[in-house]
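Note sheet for the following structure.
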Amino acid sequence: MIRGEAKRQGIADPSRQKGGKRNGNKKGESAAAPGAAQKAARFFLENERAICDYAQQAGLVFEMGDHWAIDMETGRGTFDPDFFVKRGFTESESMWATCHEIEHFRDWRKDPEAYASLYARTKRERRLDLLYHYINDILANREEDRRFPAHRETREYLYEDKLFPRINYTKTPRHLQLIYAMLREKMLPREEVILSPEVRSAIERLKNIDGRGTDLILLVSDPTAAPGDRFDVIRDYIEPVYERFFQEDLEERKKKKEEKRGEDEDADALSGESMEGGSRSSDRGYIEKDVTRDEDYFAREYDESEEKLPRALSPEEAREKIEQEVRRHREEDKSPEQIAREQFRSRYGVSAEEVEDYADEYRKIEYQIKPLRGIFERIISTRKEIKRRLKERTDQGVIFDPAMIAQSYIDISGGILNSRTQLKVRREEFDEHRLREVEFTLICDLSGSMNENRPGGKSYEQRLSAILITEALDEFEKKLKEERFERSVDLHVLTEIRGFHARDEELKPLSDTIDFATRARIARRLENCTGNRTADYKSLARVSAGIDKETKRKIENGDLRKVLILITDGGSDDVSLARAAKDRLLKQGVIAKAIQIGQPGKSDVEKFRHVWQRDGSPCKDVSYLVPAIKRLLEDFLNDL
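Residue numbering for the sequence shown follows the working numbering, beginning at 21 and increasing consecutively.
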């Protein structure tokens, strides 16, 4: 099948050495020899058909290229013949490794969603990435052994001589001993490696997980198993063992670092050097790089572990390819309804589900808006005044247009009977009222004591009250906008919603419009009242600070009416600041009211009364909050 040199070409027979190592390539000898790249290119050119056939049997179409690539949708890809040669592999070893990588691609395509979830978990946990990488390598090797048995000897020699020449791993961190032993002993089953006793015990338990000879390592590396199922078993049975060893290794590393730091400080004291001065050589170990994450203690070992098993695509590249495939699958599997919902979110910045939830909430208070609609119509009709104006020229008016007297005489003398030189009366509607703008602010309590998301609960009823005010005034403003277009009424209604806990929070800026996204955002925020303070004065002060000279002039001239309603269930954290902020608003011409809901304690009742006096009212039964807000709104509208 393979034309070229023998599988063990140019490599001496392995033999034991002291320290449990073999006569494998030393680190400095891993690079490809001069001319190896050209030699490999010829070899792969001769054997390209064999690799393509191997890939095709796995449902893939691969051809030789200058880099590794895979199109997850079509299964087409390219392999780089120099990739493994540059890392010291012989031609036959490189061919074996190329087929090995193709097996990884095959398994990715079986269940991209499972791999996407796995990579999302291992993205920031390097040790987890190594665990799954080593186990997945067992799977790829087993499948290649089955489909390409002629290369088993190549694989065995590669593992024995280059990848894992050592047989004694007792000085290696225990969590790495575990994955080294799992992989090496499955690839070289005739040779048992030397491990720490506790790691050997764990390996043997995994090989007989049920006490009846079931080898869990073989189960989780079974090429016929679904990737998602394999990953679940690894997570439930192997990860806990691996993590326990990691924590033990971590404690040892930290302890050694502390001991070394103590020795260095003693050495400084003996030499008389200060912490700031004196010559410090990093080679002597006096300066040590700060460890910011637990895994940094094993950075060198992790680098070596990754170098042992080079990957054609980095974890980042693999993750990107797999996530693209998952997104494509999801796009293809979408129903027209799902597509429409996604288009809705893209256009409006909120999901259709959130809008539906909001609509359900709106239906609970819609009956409260119906009586207000009559008030809207009355306000609009009473603001309209009708004047009769001689405005339009016609041939049958009530009077000749003074500016057209001469033309009228000429037309009549000439026998023109339908001369358009007369004026008729036209009715015009206009708004003679001075009030031009209304600004309405609702301030909500976001403190933790409000967090009762059930019918009759504080945050629940407060949310419905906010929806009532928002929707009622938005409906009113839309009607006014139509009248403004006809130039019969010149009145604007703007709304604002704020909240307070330890700080002031803007939920809806002061404006005459509200979109879907803002509606949903307000509803979400008002069902999550978790603040630990009642700093109502901060929201009051913020509204006051927004009243500039021009706004104050409009209020004084009667062009603007500014209204504020505050809802709370307790007393202010700072009564004096709250009272001062409220009084300042009143002096600025703001109509400010407050409602205290529920059954607050005596102290909170007194605080509320001190701040709000006659402008505050209680609502002991929280379920009556929405009707109470509706009455306040009704009174305010009737006064326009």
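Glycine residues also receive a C-beta, built at the ideal position from the N, C-alpha and C atoms.
For residue 341, does the count of other Cβ atoms within 10 angstroms reach 16, so buried, or fall short, so exposed? Here residue 341 refers to the residue found at position 321 when the sequence shown is read from its first residue. Buried, since its Cβ has 16 or more Cβ neighbours within 10 Å.
For residue 82, does the three-state DSSP call read helix, strand or coil? On the sequence shown, position 62 is the one that residue 82 refers to. In the structure shown, residue 82 sits in a strand (DSSP, three-state: E or B).
Taking the beta carbon of residue 653 as the centre, do at least 16 other beta carbons fall within 10 Å, making it buried, or is it exposed? The residue labelled residue 653 in the question sits at position 633 within the sequence shown. That one is buried.
Assuming contact is defined by CB atoms lying nearer than 8 Å, are residue 520 and residue 466 in contact in what I supplied? As a first step, residue 520 must be located in the sequence shown, where it is residue number 500. As a first step, residue 466 must be located in the sequence shown, where it is residue number 446. Cβ atoms of residue 520 and residue 466: closer than 8 Å.
Closest Cα partner of residue 159 within the set 251, 388 and 97: Along the sequence shown, one-based indexing puts residue 159 at 139. Per the C-alpha coordinates, the member of 251, 388 and 97 positioned closest to residue 159 is 251.
Given this structure, state the Cα-to-Cα distance separating residue 583 from residue 392, to the nearest angstrom. For this step, residue 583 is matched to residue 563 along the sequence shown. For this step, residue 392 is matched to residue 372 along the sequence shown. Take the alpha-carbon of residue 583 and the one of residue 392: they are about 17 Å apart.
For residue 100 and residue 86, which I take to be in contact (beta-carbon distance under 8 Å), what is that distance rounded to the nearest angstrom? As a working note, residue 100 is residue 80 in the sequence shown. As a working note, residue 86 is residue 66 in the sequence shown. With 8 Å as the limit, residue 100 and residue 86 qualify as a contact, their Cβ atoms being about 6 Å apart.
Looking only at its chain, what residues have a beta carbon closer than 7 Å to the beta carbon of residue 469, apart from the 5 residues adjacent to it on each side? Within the sequence shown, residue 469 is the residue found at index 449, counting from 1. Taking residue 469 as the centre and dropping the five residues before and after it, the same chain places the C-beta of 589 and 590 closer than 7 Å to its C-beta, in chain order.
In the DSSP assignment, find the unbroken alpha helix (DSSP H) run with residue 213 in it and report its ends. Locating residue 213 in the sequence shown gives position 193, where the first residue counts as 1. Counting along the chain, residue 213 falls outside any alpha helix (DSSP H), and DSSP gives it neither H nor E.
Outcome for residue 334 when other beta-carbon atoms lying within 10 angstroms are tallied against a minimum of 16: Position 314 of the sequence shown, counted from the first residue, corresponds to residue 334. By the 10 Å Cβ count, residue 334 comes out exposed.
Under the three-state DSSP convention, the category residue 188 falls into: For this step, residue 188 is matched to residue 168 along the sequence shown. In the structure shown, residue 188 adopts extended strand secondary structure according to DSSP, grouped into three states.
Going by CA-CA distance only, name the one from 77, 93, 71 and 164 that's closest to residue 83. What you label residue 83 is simply residue 63 of the sequence shown in a count that begins at 1. Across the set 77, 93, 71 and 164, the C-alpha of 71 shows the shortest separation from the C-alpha of residue 83.
Cα-Cα separation, residue 193 to residue 269: In the sequence shown, residue 193 corresponds to position 173, counting from 1. In the sequence shown, residue 269 corresponds to position 249, counting from 1. Rounded to the nearest angstrom, the gap between the Cα atoms of residue 193 and residue 269 is 6 Å.
Could you tell me the alpha carbon to alpha carbon distance between residue 52 and residue 279, rounded to whole angstroms? As a first step, residue 52 must be located in the sequence shown, where it is residue number 32. As a first step, residue 279 must be located in the sequence shown, where it is residue number 259. Unreliable positioning characterises residue 52 in this predicted model, as indicated by a pLDDT of 48, which lies under 50. The coordinate reading is nonetheless provided below. Roughly 42 Å separates the two Cα atoms.
Quick check: the Cα distance between residue 113 and residue 372, rounded to an integer number of angstroms? Numbered from 1 along the sequence shown, position 93 holds the residue referred to as residue 113. Numbered from 1 along the sequence shown, position 352 holds the residue referred to as residue 372. Rounded to whole angstroms, residue 113 to residue 372 spans 55 Å at the Cα level.
Would you check if the distance between the CB atom of residue 614 and the CB atom of residue 594 is smaller than 8 Å? In the sequence shown, counting from the first residue as 1, residue 614 sits at position 594. In the sequence shown, counting from the first residue as 1, residue 594 sits at position 574. Not a contact, by the Cβ cut-off of 8 Å.
Given a threshold of 16 other Cβ atoms within 10 Å of its Cβ, counted over all protein chains shown, does residue 295 qualify as buried or as exposed? Taking the sequence shown and counting its residues from 1, one reaches residue 295 at position 275. Caution applies to residue 295, whose pLDDT of 34 falls short of 50 and renders its modelled position unreliable; the value that the coordinates give is listed next. So residue 295 counts as exposed.
Suppose the cutoff is 7 Å on Cβ atoms and the five residues either side in sequence are ignored; what does the same chain contact list for residue 579 look like? Locating residue 579 in the sequence shown gives position 559, counting from the first residue. Contacts found: 454, 455, 456 and 457.
If we ignore side chains and look at the alpha-carbon of each, how far apart do residue 568 and residue 562 end up? Locating residue 568 in the sequence shown gives position 548, where the first residue counts as 1. Locating residue 562 in the sequence shown gives position 542, where the first residue counts as 1. So the alpha carbons of these two residues sit roughly 12 Å apart.
Could you check whether residue 489 and residue 649 sit closer than 8 Å to each other, using their CB atoms as the reference points? The residue labelled residue 649 in the question sits at position 629 within the sequence shown. The residue labelled residue 489 in the question sits at position 469 within the sequence shown. Cβ distance < 8 Å, so residue 649 and residue 489 count as in contact.
Nearest-angstrom Cα distance between residue 151 and residue 209? Your numbering for residue 151 matches position 131 in the sequence shown. Your numbering for residue 209 matches position 189 in the sequence shown. Separation of residue 151 and residue 209 (C-alpha to C-alpha, rounded to the nearest whole angstrom) is 20 Å.
Run of the alpha helix (DSSP H) containing residue 559, from where it starts to where it stops: Within the sequence shown, the letter at position 539 stands for residue 559. Where residue 559 is concerned, the enclosing alpha helix (DSSP H) stretches over 556-565.
Residue range of the beta strand (DSSP E) that includes residue 132: As a working mapping, residue 132 is identified with position 112 in the sequence shown. First-last for residue 132: 132-142, but that is the alpha helix (DSSP H), not the beta strand (DSSP E).
I need the straight-line Cα distance from residue 651 to residue 141, nearest angstrom please. Within the sequence shown, numbered from 1, the residue matching residue 651 stands at position 631. Within the sequence shown, numbered from 1, the residue matching residue 141 stands at position 121. When rounded, the separation of the alpha-carbon atoms in residue 651 and residue 141 is 54 Å.
Identify, in the order they occur along the chain, each residue of the same chain with its Cβ nearer than 7 Å to the Cβ of residue 558, setting aside the five sequence neighbours on each side. Looking up residue 558 in the sequence shown gives position 538. Exclusion of the five residues before and after residue 558 leaves 520, 523 and 524 as the residues of its chain whose Cβ lies within less than 7 Å of its Cβ.
Just to confirm, are residue 213 and residue 205 a CB contact at a threshold of 8 Å? As a working note, residue 213 is residue 193 in the sequence shown. As a working note, residue 205 is residue 185 in the sequence shown. Against a cut-off of 8 Å, the Cβ pair of residue 205 and residue 213 comes out as a contact.
By the 10 Å Cβ neighbour count, where 16 or more other Cβ atoms means buried, how is residue 97 classified, buried or exposed? Here residue 97 corresponds to residue number 77 of the sequence shown, with the count starting at 1. Around the beta carbon of residue 97, a 10 Å sphere encloses 16 or more other beta carbons of the protein chains shown; the residue is thus reported as buried.
Once the 5 residues before and after residue 601 are set aside, which same chain residues still bring their CB inside 7 Å of it? What you label residue 601 is simply residue 581 of the sequence shown in a count that begins at 1. Cβ neighbours of residue 601 beyond the five flanking positions: 557, 560, 561 and 564.
Extent of the continuous beta strand (DSSP E) to which residue 592 belongs: By 1-based counting over the sequence shown, the position of residue 592 is 572. Neither: residue 592 is in no beta strand (DSSP E) and is coded neither H nor E.
Helix, strand or coil at residue 396 [DSSP, three-state]: Stepping through the sequence shown from its first residue, residue 396 is reached at position 376. The answer is helix: DSSP assigns residue 396 an H, G or I state.
Taking Cβ to Cβ, would you say residue 539 is nearer than 8 Å to residue 378? Taking the first residue of the sequence shown as position 1, residue 539 is located at position 519. Taking the first residue of the sequence shown as position 1, residue 378 is located at position 358. Between residue 539 and residue 378, the CB-CB gap stays under 8 Å.
Which same chain residues end up closer than 7 Å to residue 546 when comparing Cβ atoms and leaving out the 5 residues on each side of it in sequence? Mapped onto the sequence shown, residue 546 falls at position 526. Excluding the 5 residues flanking it on each side, residue 546 has same chain C-beta neighbours closer than 7 Å at 464, 479, 482, 483 and 486, in chain order.
Going by C-alpha to C-alpha distance, which of 222, 473, 356 and 512 sits closest to residue 399? One-based indexing of the sequence shown puts residue 399 at position 379. Ranking the options by Cα distance to residue 399, first place goes to 512.
How many whole angstroms separate the CB atoms of residue 382 and residue 491, which I take to be in contact at a CB cut-off of 8 Å? As a working note, residue 382 is residue 362 in the sequence shown. As a working note, residue 491 is residue 471 in the sequence shown. Contact between residue 382 and residue 491 holds: CB atoms are separated by about 6 Å, below the 8 Å threshold.
Locate the alpha helix (DSSP H) running through residue 252, then write down its first and last residues. Here residue 252 is taken as the residue at index 232 of the sequence shown, counted from 1. That run of the alpha helix (DSSP H) goes 247-253.
Any 3 or more C-beta pairs closer than 8 Å across the stretch 188-203 and the stretch 257-272: Taking a contact to require three or more Cβ pairs closer than 8 Å, the stretch 188-203 and the stretch 257-272 qualify as touching.
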